[in-house]
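Enquirer: Protein chains in written order, with my numbering: chain A, 1 to 510; chain B, 1001 to 1196. Sharing a structure with you now.
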C-alpha cells in the first residue's frame, strides 16, 4: 500500500473545506446540484474520514440512510454527532442529485487544526448573514461601508474582520469600537456586529503631558496621569510640571490635581475642579523688561489656583462653560504678601468632523473664552482677558493641511500668567518669546499654516504680540520638520529678524 | 446552668472544625495534582477555572480569547525554577453548537471542539507538560509546582449608568470589576510532590 504524501493530504483537506463551506468548487459542477428534500438516497459517502472511526451506532445510522428519503435536518444531526464523537473535526453534509432523481449523500469532514481561521475562531465555519454597525453609520466612509458588506455571504474571515475593525477605529478617532458575533436567523448563519460607542457630549480636558526641547529656551516637561478608562464618566488627574517654560512667560514647576465629570445626571452637563500649585522662576530678560515697565503687575514666587467650572453641551459639537478661577500670587520681592487674581470664566467652543469619501477628513474647531477678574470676587488685580481660537485640519491619504488663527485681547492689569506670548514650540516657531516680548503682551494675533506629507512637515507662522500703548510688529517664521502622531522634530527660521538664528525644537506630547 | 455550660462547651469544640472547614474548603476547591504519562509531567488543577467572568463574556459574544499558561517546577516553595513550560491557547465558543473550541498555538497544531467549559480548561492543562527527563531529579526529591495563566486583550467592562455610580449596586459592580480584573491573570502554587 502506497504511503500517502503529506502535501496530498493537505490538498485534500483544503479541497474538502472548500466543499464543506459551500464555496463554488462543487457548486460549479451542474451535475452535482443539491438533491430535493425527500429524494431517495441511494449512496452515502464520508470524505476525509474513516467511517470505522465512528461508533458502531453512528455507523449503523449513517449506513441506514441508503434507501430512505433525504431529510436535511436528520442529515445535519448526523453531522453534528460526527463532530461530537470526533471533536477534532468539523463536519458538514451535502445531498446531491443523481441523473435518475435519486440522491447521493456526502459527509465532508476536515480537521480543525488544518484551517487557521477555524483555529482562531470556531465560528469561522459559519456563513456571515449580515454585517451591522451599531452607532453613527453615516460617519463611516462609503468605501468602508462597502468593504464591511463584502463579509456577507462568505465564511467569517477573522483576519479581514479585524482589519475592518481597525479601519473603523481609524475613521472614528476617539470612539471605541467593539466587535461581536451572534447567531443568524438560520442554523449555520451568523451576524457580525460592529458596535461604535458614541463620542461623549462633553470630553475630558486633553492631557498636557509633554517633554519639549527648544534650543533657545531649554527643556520643558509636564506629566499628567489620568486615572480612568476612555469610556469612564469621571476622571481624576494628577500632574506635575518640571520647568515648563514653553507655555507661558513664566517658567513654572509644581503639581496639579483635577477631577472631571462629564456626566452629571445628564450627558449634557459636566464639571471640573482643579487645584494647582506652581513655583515660578523668571528669565533675566523678563526681570530687565519689568524694571522699565512699572505698570505691569509684580512678579510672584508661587501661584496657587483653585478653579471650579461647569460645562453644558447643547449637542456633541457645541459647549459652553463657566466658573471661577481663584489664584493667589505670592510676591517675589515682598513675600509673604500676595495678590489675588480672581476671575469669572466663560467660554464657548465647537468642533465638527466631516468624513467624506476618498479618505478625506476635515475637522474644524473654534472657541472663545473670557476671564474677567473683578473686585466683586475680592480680586486685587482687575482685568478682562479675551481669547478666540480657530483651527481647521484637512486630511487626505498621506497629506494633511492645518490652518489656525488665534486672537487675544486684555484690558486692565492682568498678571503675567495671563499675558499672551508667542515664540515657543507651537507659535512663531523659529522665534524666541523673550526676544519678541519678555513680558508678554496685552494684544496678540497668530496664524499658522502647515502642510504635512506622511511624516514630513513644512509651516509658515505669522504673529504679533504687543501692549496697548506700543506699536505692533508682525513677525514671520517658517521651517520644516518631522512629525508623527505625538512627537516632532522641527527646525524654524525667523524671517524678518535682525539676526538669523535658527531654532531647533523637538519633543513628544502624549 | 450546667446545660448552658455544656452547650457552650459544645460550640467551643465545634469551633476548630469550623475553622478547619473554612480553611480547607477553598484549598480543596483548588487542589493540584501531578501525574506522569510516558516522559511528560502533567498537572491537574481542580477549581483552577479561567472560562468565567470577562473571558466567558467575550467568548459568548463570538470572539476568541488567547490565554498563555506557564507551568514552573520549583525545588522549594518560592524557590528557584528547575524547569518551565509555556503554552498558548486560543479559545472560542461555537455559537450554534454552544460548546467551546480550543486550539493549541504553535507546532504541531492541535484543536478540539464541542467541549464544556471544564473540559476545555482540562484540555489546556493536558497540553501543558514538562518532560520528566529535563527535571534533573529523582523520584525521592520533593518539588513544587507553580501554574499561572494570563489572558490577552480582554478588558473588564467599564460602563456604568451614572445613577448607579454611588449606590450600593454601583459599589458591588465596582468590586465585581476588581474581581474580573483578577480573573485575567491567576497563579497557584502547590506542593510538595514527588514523581509518581
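Heads up, the beta-carbon is just placed ideally off N, CA and C, and yes, glycines get one too.
Counting only runs that start and end within the stretch 109–193 of chain A, where is the alpha helix (DSSP H) found for 4 or more residues in a row?
Expert: Complete alpha helix (DSSP H) runs here, min 4: 116–120, 142–149 and 158–171.
Enquirer: If contact means a Cβ-Cβ distance below 7 Å, which residues of the stretch 1037–1067 of chain B contact chain A?
Expert: So the list reads 1061, 1062, 1063 and 1064, given in the order they occur along the chain.
Enquirer: Counting only Cβ-Cβ distances shorter than 7 Å, please list the residues of the stretch 1102–1123 of chain B near chain A, keeping chain order.
Expert: Within the stretch 1102–1123 of chain B, the residues whose Cβ lies closer than 7 Å to some Cβ of chain A are 1103, 1109, 1110, 1111, 1112, 1113, 1114 and 1115, listed in chain order.
Enquirer: Along the stretch 1120–1148 of chain B, where does the CB come closer than 7 Å to a CB of chain A? Name the residues.
Expert: For the stretch 1120–1148 of chain B, which is checked against every Cβ of chain A, not one residue is closer than 7 Å.
Enquirer: Kindly say whether residue 268 of chain A, judged by its beta-carbon, lies nearer than 8 Å to any beta-carbon of chain B.
Expert: In the first chain, counting from the first residue as 1, residue 268 of chain A sits at position 268. So, not an interface residue.
Enquirer: Would residue 87 of chain A pass as an interface residue toward chain B - the criterion being a Cβ-Cβ separation below 8 Å?
Expert: In the first chain, the residue the question calls residue 87 of chain A occupies position 87. Yes, because at least one Cβ of chain B sits closer than 8 Å to the Cβ of residue 87 of chain A.
Enquirer: Distance, Cα to Cα, residue 484 of chain A vs residue 95 of chain A?
Expert: As a position in the first chain, residue 484 of chain A is number 484, starting the count at 1. As a position in the first chain, residue 95 of chain A is number 95, starting the count at 1. Straight-line Cα distance between these residues: approximately 58 Å.
Enquirer: On the criterion of 16 or more Cβ atoms from any shown chain inside 10 Å, does residue 63 of chain A qualify as buried, or is it exposed?
Expert: What you label residue 63 of chain A is simply residue 63 of the first chain in a count that begins at 1. Answer is exposed; the Cβ neighbour count stays below 16.
Enquirer: Hey, quick one: how far does the beta strand (DSSP E) through residue 466 of chain A stretch, first residue to last?
Expert: Your numbering for residue 466 of chain A matches position 466 in the first chain. Start and end: 456–466.
Enquirer: At which residue ranges does the stretch 1075–1162 of chain B contain complete beta strand (DSSP E) runs of 3 or more residues, listed in the order of the chain?
Expert: List check, beta strand (DSSP E) in window: 1081–1094, 1099–1104, 1110–1115 and 1143–1151.
Enquirer: Is residue 311 of chain A close to chain B, meaning its C-beta is less than 8 Å from at least one C-beta of that chain?
Expert: Here residue 311 of chain A refers to the residue found at position 311 of the first chain. Not an interface residue.
Enquirer: For the stretch 1074–1084 of chain B against the stretch 1130–1148 of chain B, do three or more pairs of beta-carbon atoms, one drawn from each stretch, fall closer than 8 Å, so that the two count as touching?
Expert: Judged by Cβ distances under 8 Å, the stretch 1074–1084 of chain B makes contact with the stretch 1130–1148 of chain B, as three or more pairs qualify.
Enquirer: Quick check: the Cα distance between residue 394 of chain A and residue 496 of chain A, rounded to an integer number of angstroms?
Expert: Numbered from 1 along the first chain, position 394 holds the residue referred to as residue 394 of chain A. Numbered from 1 along the first chain, position 496 holds the residue referred to as residue 496 of chain A. Taking the straight line from one Cα to the other gives about 29 Å.
Enquirer: Here's the rule I'm using: 16 or more other beta-carbon atoms within 10 Å means buried, otherwise exposed. How should residue 469 of chain A be labelled?
Expert: The count along the first chain starts at 1 and reaches residue 469 of chain A at position 469. Exposed, since its Cβ has fewer than 16 Cβ neighbours within 10 Å.
Enquirer: Listed from N- to C-terminal order along the chain, which residues in the stretch 1079–1094 of chain B have their beta-carbon within a distance smaller than 7 Å of any beta-carbon of chain A?
Expert: Of all residues in the stretch 1079–1094 of chain B, 1090, 1092 and 1094 have a Cβ within less than 7 Å of some Cβ in chain A.
Enquirer: Residues bridged to residue 309 of chain A by DSSP?
Expert: Reading the first chain from its first residue, position 309 is the one you call residue 309 of chain A. Its beta-bridge partners are A:272 and A:323.
Enquirer: Please classify residue 419 of chain A as buried or exposed, where buried requires at least 16 neighbouring CB atoms within 10 angstroms.
Expert: Reading the first chain from its first residue, position 419 is the one you call residue 419 of chain A. That one is buried.
Enquirer: Starting from the C-beta of residue 1114 of chain B, find all residues in its chain whose C-beta is less than 7 Å away, skip the five residues before and the five after it, and write them out in chain order.
Expert: Residue numbering aside, residue 1114 of chain B sits at position 114 when the second chain is read from its first letter. Counting only Cβ-Cβ distances below 7 Å, and skipping sequence neighbours, we find 1097 and 1099.
Enquirer: How many Å lie between residue 506 of chain A and residue 490 of chain A at the Cα?
Expert: In the first chain, residue 506 of chain A corresponds to position 506, counting from 1. In the first chain, residue 490 of chain A corresponds to position 490, counting from 1. Going from the Cα of residue 506 of chain A to the Cα of residue 490 of chain A covers about 6 Å.
Enquirer: Would you kindly work out how many angstroms separate the C-alpha atoms of residue 161 of chain A and residue 117 of chain A, rounded to a whole number?
Expert: To locate residue 161 of chain A, count along the first chain from 1; it is residue 161. To locate residue 117 of chain A, count along the first chain from 1; it is residue 117. Going from the Cα of residue 161 of chain A to the Cα of residue 117 of chain A covers about 11 Å.
Enquirer: Taking the straight line between their C-alpha atoms, what separation do you get for residue 415 of chain A and residue 256 of chain A?
Expert: Locating residue 415 of chain A in the first chain gives position 415, where the first residue counts as 1. Locating residue 256 of chain A in the first chain gives position 256, where the first residue counts as 1. Their backbone Cα atoms lie some 20 Å apart in a straight line.
Enquirer: By a C-beta neighbour count over all protein chains shown, 10 Å radius and 16 as the cutoff for buried, is residue 342 of chain A buried or exposed?
Expert: On the first chain, residue 342 of chain A is found 342 positions in, with the first residue counted as 1. Buried.
Enquirer: Between residue 123 of chain A and chain B, is there a C-beta pair that is closer than 8 Å?
Expert: Taking the first residue of the first chain as 1, we reach residue 123 of chain A at position 123. With 8 Å as the cut-off, residue 123 of chain A counts as an interface residue toward chain B.
Enquirer: To the nearest angstrom, report how far apart residue 1175 of chain B and residue 258 of chain A are at their CA atoms.
Expert: Numbered from 1 along the second chain, position 175 holds the residue referred to as residue 1175 of chain B. Numbered from 1 along the first chain, position 258 holds the residue referred to as residue 258 of chain A. Low per-residue confidence applies at residue 1175 of chain B: pLDDT is 45, beneath 50, and the placement is therefore not dependable enough to give any value.
Enquirer: Given residue 380 of chain A, which residues of its chain have a CB within under 8 Å of its CB, disregarding the five upstream and five downstream residues?
Expert: On the first chain, residue 380 of chain A is found 380 positions in, with the first residue counted as 1. Cβ neighbours of residue 380 of chain A beyond the five flanking positions: 339, 340 and 341.
Enquirer: If residue 35 of chain A and residue 70 of chain A are in contact, beta carbons under 8 Å, what's the gap, nearest whole angstrom?
Expert: As a position in the first chain, residue 35 of chain A is number 35, starting the count at 1. As a position in the first chain, residue 70 of chain A is number 70, starting the count at 1. Indeed, because the Cβ distance is near 6 Å, the residues count as touching under 8 Å.
Enquirer: Residues of chain B with CB closer than 8 Å to the CB of residue 120 of chain A, please, in chain order.
Expert: As a first step, residue 120 of chain A must be located in the first chain, where it is residue number 120. Ordered by position in chain B, the residues that pass the 8 Å Cβ test against residue 120 of chain A are 1064, 1090, 1092 and 1103.
Enquirer: May I ask which residues mark the beginning and end of the beta strand (DSSP E) holding residue 452 of chain A?
Expert: Along the first chain, one-based indexing puts residue 452 of chain A at 452. First-last of the beta strand (DSSP E) with residue 452 of chain A: 443–453.
Enquirer: Measuring only the C-alpha atoms, how far is residue 1192 of chain B from residue 1142 of chain B?
Expert: Working through the second chain from its first residue, we reach residue 1192 of chain B at position 192. Working through the second chain from its first residue, we reach residue 1142 of chain B at position 142. Between residue 1192 of chain B and residue 1142 of chain B, the C-alpha separation is close to 6 Å.
Enquirer: What in chain B is Cβ-close to residue 237 of chain A, meaning under 9 Å?
Expert: Counting from one through the first chain, the residue named residue 237 of chain A turns up at place 237. Under the 9 Å cutoff, chain B gives no residues; its nearest Cβ is about 17 Å from residue 237 of chain A.
Enquirer: Which chain B residues sit within Cβ distance under 7 Å of residue 113 of chain A?
Expert: One-based indexing of the first chain puts residue 113 of chain A at position 113. What residue 113 of chain A touches in chain B: 1103, 1109, 1110 and 1111.
Enquirer: Give me, in chain order, the residues of the same chain whose beta-carbon lies closer than 7 Å to that of residue 296 of chain A; leave out the 5 immediate sequence neighbours on both sides.
Expert: Translated into positions along the first chain, residue 296 of chain A becomes position 296. Result list for residue 296 of chain A: 290 and 439, in chain order.
Enquirer: Given residue 183 of chain A, which residues of its chain have a CB within under 8 Å of its CB, disregarding the five upstream and five downstream residues?
Expert: The residue given as residue 183 of chain A occupies position 183 in the first chain. Answer for residue 183 of chain A: 189, 190 and 191, listed in chain order.
Enquirer: Excluding the five sequence neighbours on either side, which residues of its own chain have a C-beta within less than 7 Å of the C-beta of residue 511 of chain A, listed in chain order?
Expert: The shown model of chain A, from 1 to 510, leaves out residue 511 of chain A, and the question about it has no answer.
Enquirer: Taking 8 Å as the CB-CB limit, is residue 179 of chain A close to chain B?
Expert: Locating residue 179 of chain A in the first chain gives position 179, counting from the first residue. Answer yes: the Cβ-Cβ gap between residue 179 of chain A and chain B drops below 8 Å somewhere.
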